[in-house]
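Engineer: Just so we're aligned, residue 0 is where the sequence shown starts under numbering that gives the first Met the number 0, counting upward by one. A single structure is presented below for examination.
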Amino acid sequence: MAFLETVTVSVDLTILIWLIPVVFFIHDGEEVLMVRRWLRRHQSQPSIVKATRFLASDKYVTGQFAIAIFLLGVSLLIVTYTAAVQYHSQGRLSGLYAGILVALVIDGLKHIGMWIRLKHYTPGVITAIVVEIPVASYAIYRFYSSGVANFQTFIWGFIIALPFVWFVVVGGLIVGKVMAPRIGFRKPSQ
């Protein structure tokens with residue numbers, strides 16, 4: 000417990016706000032790098048076939064994911080910037096940002112659930128366990144314990160964040176599916 004108290008005292012909340020996009024890009028970087036190979040290995044499983052309806056053909060899937068992650072990352076940076084401004088001007092955390100923290104924890108748990116269900120590695124599970132869940136959970140703890148956000152902020156924020164994140168993810172995958180072949184963004188044949 001002494002370690003948590005030391006970290007709690009030493010990590011500035013503004014730095015913690017800006018750490019979340021870093022965590023996002025680390026986690027989603029693992030997904031971008033691993034998704035094509037993983038899909039090739041497991042494309043015959045019915046649950047995976049069903050989940051790939053928004054994905055481009057095999058040779059463009061890495062580019063599609065990269066474009067979608069870029070759009071999601073830009074959206075997260077905008078939300079993070081507004082959260083940092085609101086924290087400095089009003090001393091409280093933006094509801095949307097708080098909801099995104101909850102969504103990150105749930106996303107990490109989803110990766111673990113897929114790993115357990117499918118009984119093999121799934122893209123994103125390593126960084127979900129090592130980075131995404133611990134940092135997002137710690138951020139929730141810190142913002143709550145410092146009084147910058149309360150329970151309602153996280154719940155209502157998640158209710159707002161869920162359709163926002165879904166729209167940006169699905170929209171990013173659709174844009175990526177259209178753009179990746181047009182700009183020649185594909186991984187060389189293996």
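Think of the CB as a built atom: it goes at the ideal place given N, C-alpha and C, for glycine as much as any other residue.
According to the Cβ coordinates, are A83 and W17 closer than 8 Å?
Structural biologist: Taking 8 Å as the Cβ cut-off, A83 and W17 qualify as a contacting pair.
Engineer: Using a Cβ-Cβ cutoff of less than 8 Å, which residues in the same chain neighbour I193 once the five nearest sequence positions on both sides are dropped?
Structural biologist: This structure cannot speak to residue 193, because the chain is shown only from 0 to 189.
Engineer: Quick one: give me the first and last residue of the alpha helix (DSSP H) that Y86 is part of.
Structural biologist: That run of the alpha helix (DSSP H) goes V60 to Q89.
Engineer: Taking K176 as the reference, give the member of R141, L70 and Y143 with the closest Cα.
Structural biologist: Here the closest residue by C-alpha is L70.
Engineer: Would you mind reading off the limits of the alpha helix (DSSP H) that contains Q151?
Structural biologist: It spans F150 to R181 - the alpha helix (DSSP H) in which Q151 sits, taken as one unbroken run.
Engineer: Spatial neighbours of I159 within its chain, please: CB distance less than 7 Å, with the 5 preceding and 5 following residues excluded, ordered by chain position.
Structural biologist: G94, L95 and G98
Engineer: Using 8 Å for Cβ pairs, my map puts T138 next to Y59. What's the rounded Cβ distance?
Structural biologist: Checking the displayed sequence, the identity of residue 138 turns out to be Ala instead of Thr. Actually they do not touch by this definition, with Cβ atoms about 34 Å apart.
Engineer: In three-state terms, what does DSSP make of S136?
Structural biologist: helix
Engineer: Return yes when the Cβ of L12 is within less than 8 Å of the Cβ of A102, no when it is not.
Structural biologist: no
Engineer: Rounded to whole angstroms, what is the Cα-Cα separation between V168 and T121?
Structural biologist: V168 and T121: Cα-Cα distance of roughly 18 Å.
Engineer: Using CA atoms only, rank isn't needed, just tell me which of Q63, F24, I19 and I25 is closest to R35.
Structural biologist: Q63
Engineer: If you follow the alpha helix (DSSP H) that G94 is in, where does it begin and where does it stop?
Structural biologist: G94 to L117
Engineer: Less than 8 Å separating the beta-carbons of D27 and I68?
Structural biologist: yes
Engineer: Taking a contact to mean a Cβ-Cβ separation below 8 Å, would you say Y86 touches V147 in this structure?
Structural biologist: yes
Engineer: Is it buried or exposed for F150, if we count other Cβ within 10 angstroms and need 16 for buried?
Structural biologist: exposed
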